[in-house]
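Report on the following structure.
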Amino acid sequence: MDDLPEKPAKQDPSDKPKESKPSSTSHGVSRRDFLKISGVSAAVPLMSQVSALALDDAPHVQGPGKVPVSLNVNGKILNAQLEPRVTLLDALRDQFELTGAKRVCDRGTCGACTVLMDNKAVYSCSVLAIDAQSAQIITVEGLGDPAHLHPIQQAFIDNDAQQCGFCTPGFVVATKAFLDQHPNPTPEQIKHGLGGNFCRCGTYAGMRAAILQAAKTKGA
């Protein structure tokens, strides 16, 4: 009888381990979920404002297909359908048949394509036509014609300031912008002022004489 196993003692129900309950608010939402919801709610208005600002500041994209372009050239409004990548030089020559500006280097170094934009000499091969719509553009054709030459054009003829003539339109237009800024230039000012235009024929002596003549004619 001594070998019979003893019966296990009954466990008091009060001795059972109590299960931990997640902390919660009065509405049954855990503290962690409450913080998540609060953070998202606070971020939504800020993200909406950022998105609205991004949309307001986003540039207006045009292209890649043709778009309407309107240019003020030599006092006339010229309209065309052009791709946004078309340069002012290509628009003038190919669309409007104003071939005075010449394509030589096509990278803004020789000055053969010089035109005036708001009375400032620019390389038209380096300006997009779509970006030139708000400017007043003057080409060599707008300075004068064979029946009524501009004093600068006449001075180039009188001083034999051209050989092949390919760079001459760019020099004439650049001279117009230069003399507008320096009506009584010195030889040194002429040398530096026309330094952005190259003549492969080397007719610089005649050009400098023509510029001095044009300055005197305009002054008179």
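In my numbering, the protein residues as written are 18 to 237. Here a beta-carbon is modelled for each residue, glycine too, at the ideal position from N, C-alpha and C.
Query	Result
Residue 153 - DSSP class collapsed to helix/strand/coil	strand
Buried versus exposed, by CB contacts within 10 Å (16 or more), residue 203	exposed
Beta-carbon gap between residue 104 and residue 187 smaller than 8 Å	no
Residue environment, residue 117, which counts as buried when at least 16 other CB atoms sit within 10 Å	buried
Spatial neighbours of residue 145 in its chain, beta-carbon cut-off 8 Å, leaving aside the 5 residues before and after	101, 102, 103, 104 and 105
Rounded separation between residue 94 and residue 113 - CA only	11 Å
Supposed contact pair residue 91 and residue 156 - C-beta distance, whole angstroms, cut 8 Å	6 Å
DSSP bridge partner residues for residue 96 (one or two, in chain order)	87
Top-ranked residue by Cα proximity to residue 89, from 135, 233 and 154	154
Whole runs of the alpha helix (DSSP H) within the stretch 147 to 211, excluding any shorter than 4 residues	157 to 160, 168 to 175, 185 to 198 and 204 to 210
Same chain only: Cβ atoms within 8 Å of residue 147, ignoring 5 sequence neighbours per side	79, 84, 86, 99, 101 and 103
DSSP-derived helix/strand/coil call for residue 115	coil
Proximal residues to residue 127 (C-beta, below 8 Å), its chain only, five neighbours per side dropped	121, 184, 187, 214 and 215
Range of the contiguous beta strand (DSSP E) that encloses residue 133	131 to 134
Under 8 Å between C-beta atoms of residue 159 and residue 170	no
C-alpha gap between residue 219 and residue 163, whole angstroms	25 Å
C-beta atoms of residue 192 and residue 211 nearer than 8 Å	yes
Residue 134 versus residue 152: straight-line alpha-carbon distance, rounded	6 Å
Closest Cα partner of residue 140 within the set 166, 107 and 229	107
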